[in-house]
Structures are given as structure tokens and as C-alpha cells.
């Protein structure tokens, strides 16, 4: 792990995550309200169809991410140890809470509010840019940008945030649990 990550502990990282997601969620709600779009029409509940589409999309990305982690050199995918530090000691229920919050907050902001103004491509660029810790890793930036484009297109296709939120949640949750259990290739869990 890098020096900066070693100075953090899991609790401080978790607190920072909760605070940043609160800011993202508040920003999303304010922008959607200002756009006059803060209503139930952001979501659809078509007999579970959007949930199923989101689940398939999320699990497809999990598979691709797992294959990349298996085949590519570990340093190409190293995020500096932040994901490992965040997830390695959290109970599974807490991983579910964290990843649900992230999925709802980020999708409300980027696919709900920002995509309305900047389109799929612009919101994907902005989404990628805020994940600045990945910007020096071309594989991670590329994957993040393509996943963000996919979430944007999913939102356009379904006319709802539901599928994108489900996909985002499943991706983060499954990978978080895999890190927690030490089941990701390259996810060497060590006691420090």
C-alpha cells in the first residue's frame, strides 16, 4: 500500500466516504429540485424488469472486472489499497449499506441530474474525473469510463434510474464482498 493509504485507517476512510456521499446526495437532490425533476418519475417499477436488467448489467461488469483482475498485472489495477482498506474488515451487512448509499447518491447525481444537462458522454467524463485516484491507471480509467457510459445508456434505454442503481450497487457490493473474503485475484488480505 502507498504511504498515503497507510496513514489512513479504515474508520477514517469510512467516515470520509459517508461524508462525501452525503455531499453528493445533497447536491443531487438540490440539482434535481432546481431542474424540477425531483419526483417518482426518475424511477420505474415495471414488474421488476428494471431490477433484472440492472442485475444482469451489474453482474456482467463484475465478471469482466474479475477476469481483468485475473489476467492483468496487479499494478495495472491497484487503487493504492483504498478499496481493500475500506472493505477488508467491514461485515457484509455494512458493505451492503455502504454500496447502496454510493449507488443511490452517485446515480442520482450523475445519471439523474448531470446527464440531463451534459448527456451520457459528458456525465461519464465527469463521473470518471471525480474518481481521481484512478486517473494514473489507464486500464482503470478506461473501465470506469466504459462502465459509466453503460450506466448512462442503461438509464436512457430504461427511462429510469432503477436499473443503473441496481447495476452500480451489485458491482460495488459483489466486489466489496470479494475483497472482504479475499476472493478477488490480486486481493491479498493481510493483517496490519
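Numbering (UniProt numbering), first residue to last: 1 to 192. The C-beta atom is built at its ideal place from N, Cα and C for all residues, glycine as well.
Please report the distance separating the alpha-carbon of residue 179 from that of residue 169.
Their backbone Cα atoms lie some 15 Å apart in a straight line.
What separation, rounded to the nearest whole angstrom, lies between the Cα atoms of residue 3 and residue 96?
The pLDDT assigned to residue 3 is 47, lower than 50, so where the model puts this residue is not dependable; a value taken from the coordinates is nonetheless given after this. When only Cα atoms are considered, residue 3 and residue 96 end up about 28 Å apart.
Does DSSP put residue 192 in a helix, a strand or coil?
Confidence is the limiting factor: at residue 192 the pLDDT is only 31, short of 50, which leaves the residue's position unreliable, though a coordinate-based value still follows. Coil.
If you check the beta carbons only, do residue 166 and residue 55 fall under 7 Å apart?
Yes; because the gap between Cβ atoms is below 7 Å, this pair is in contact.
Can you name, in chain order, every residue of its own chain whose Cβ lies under 7 Å from the Cβ of residue 173, other than the five neighbours on each side?
For residue 173, where only same-chain residues beyond five positions count, the Cβ hits under 7 Å are 95, 96, 99.
Contact set for residue 76: own chain, Cβ-Cβ below 6 Å, skip 5 residues either direction
Result list for residue 76: 139, in chain order.
Name the residue from 23, 113, 158, 132 whose alpha carbon lies nearest to the alpha carbon of residue 101.
Looking only at 23, 113, 158, 132, the smallest Cα-Cα distance to residue 101 is reached by 23.
Rank 10, 184, 17 by C-alpha distance to the C-alpha of residue 103 and give the top, closest one.
Considering only 10, 184, 17, the residue with the shortest C-alpha distance to residue 103 is 17.
Please report the straight-line C-alpha distance between residue 40 and residue 163, rounded to a whole angstrom.
C-alpha separation (whole angstroms): 14 Å.
Would you call the region 147-160 and the region 122-131 in contact, with 3 or more CB pairs under 8 Å?
Touching, per the Cβ criterion.
Who are the near neighbours of residue 11 in its chain, counting only those whose CB is closer than 7 Å to its CB and skipping five residues on each side?
So no residue of the chain qualifies.
Tell me whether residue 30, by its Cβ, gets closer than 6 Å to a heavy atom of the ligand COA.
Because no ligand of any kind appears in the structure shown, any question about the ligand COA cannot be addressed here.
Identify every run of the alpha helix (DSSP H) within the region 64-115, keeping only runs that are complete inside it and at least 4 residues long; order them along the chain.
Residue ranges of uninterrupted alpha helix (DSSP H) with 4 or more members, entirely inside the region 64-115 and ordered along the chain, are 74-77, 82-87, 92-107.
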